Amino acid sequence: MEQTLRYRAEDFSATLPLADYLARFRDAARIGGYCRSCPRYGATWACPPFEFEVESLFEGRTTALIIATRITPAEAGAPLAAAREVIRPERLRLERQLLELEHRVGGCAFTCVGECFACPGEPCTRPEGLPCRHPERVRPSLEACGFDLERTASELFGIEMRWGRNGLLPEYLTLVCGLFHSQPADAVRW
12 MEQTLRYRAE DFSATLPLAD YLARFRDAAR IGGYCRSCPR YGATWACPPF
62 EFEVESLFEG RTTALIIATR ITPAEAGAPL AAAREVIRPE RLRLERQLLE
112 LEHRVGGCAF TCVGECFACP GEPCTRPEGL PCRHPERVRP SLEACGFDLE
162 RTASELFGIE MRWGRNGLLP EYLTLVCGLF HSQPADAVRW
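Counting in this note's numbering, the sequence shown runs from 12 upward without gaps.
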């Protein structure tokens with residue numbers, strides 16, 4: 012029987028004018044280069060290149076709600092392979108909450124970087140040139156749209172991103188996602 016890795020997840024949120032977030036944290040050329048070197052580039056509907064202009068996601072929106080989730084494994088020295096075990100449930104929770112918020116207040120949700128979970132157990136249709144099975148659920152990540160997540164986590168939340176070493180998980184993992192909207196800043200809370 013496989014043992015589940017225990018962990019604690021903490022959400023942090025920040026609200027700022029979208030123009031400020033774009034100016035301070037978007038570096039589309041540099042971050043886009045990282046995306047182009049990723050094996051998922053062009054392989055899933057959640058990853059670039061997109062069939063739309065990324066800038067269209069910002070139009071008519073005035074406020075950025077950014078969420079960082081710090082996932083801390085209960086046991087030190089867990090294998091790096093366990094990352095998916097703790098990230099998946101948190102990604103699913105965050106994405107569900109973001110889509111609910113997007114539906115309620117409008118705007119555009121941005122999920123966390125990594126694989127798309129919309130079609131569990133089935134390969135993405137994009138490599139076959141077929142439409143997405145779940146366009147109502149698939150959203151790009153902030154990183155896929157050119158945002159620097161390390162800088163975002165550090166400057167907005169005081170969280171330094173950590174990376175695994177020697178096949179072991181770091182002391183914590185960090186997910187960053189958000190919602191761009193046009194509601195008054197104090198009207199939308201995480």
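For each residue, glycine too, the CB sits at the ideal point set by N, CA and C. Owing to the predicted nature of the structure, the values given are computational and were not obtained by experimental measurement.
{"Asked": "Is the beta carbon of L27 less than 9 Å from the beta carbon of A79?", "Found": "no"}
{"Asked": "Could you tell me the alpha carbon to alpha carbon distance between L110 and Y32, rounded to whole angstroms?", "Found": "21 Å"}
{"Asked": "Rounded to a whole number of angstroms, what is the C-alpha to C-alpha distance between R137 and G53?", "Found": "8 Å"}
{"Asked": "From M12 to Y18, what distance separates their C-alpha atoms?", "Found": "Legend: pLDDT at M12 = 40, less than 50; position of this residue unreliable, no value from coordinates given."}
{"Asked": "Helix, strand or coil for M12 per DSSP?", "Found": "Any reading at M12 must be qualified, since the residue scores a pLDDT of 40, below 50, and its modelled position is unreliable; the value itself is stated next. Three-state DSSP puts M12 in coil, outside helix and strand."}
{"Asked": "Roughly how many whole angstroms lie between the Cα atoms of S165 and A25?", "Found": "12 Å"}
{"Asked": "Excluding sequence positions up to five away, which residues of its chain have a Cβ less than 7 Å from the Cβ of V149?", "Found": "W56, A57, C127, A129 and C143"}
{"Asked": "Where does G140 land, buried or exposed, given buried means 16+ other C-beta within 10 angstroms?", "Found": "exposed"}
{"Asked": "Roughly how far, in whole angstroms, is the beta-carbon of L91 from the beta-carbon of L180, given that I think they are within contact range, below 8 Å?", "Found": "6 Å"}
{"Asked": "Considering only the alpha carbon of each residue, which of N177, G169 and G117 lies closest to F191?", "Found": "G117"}
{"Asked": "Got a sec? Which residues, its chain only, sit under 8 Å from W174 by beta carbon, not counting five neighbours each side?", "Found": "P181"}
{"Asked": "CA-CA distance, V199 and G189?", "Found": "12 Å"}
{"Asked": "Assuming P59 and A155 form a contact by the criterion Cβ under 8 Å, report the distance between their Cβ atoms to the nearest whole angstrom.", "Found": "5 Å"}
{"Asked": "From S193, R41 and M172, pick the residue whose C-alpha is nearest to that of G71; which is it?", "Found": "S193"}
{"Asked": "Confirm, please, whether the CB-CB distance from R176 to R35 is below 9 Å.", "Found": "no"}
{"Asked": "Output the distance between the C-alpha atoms of V97 and L68, rounded to the nearest integer angstrom.", "Found": "29 Å"}
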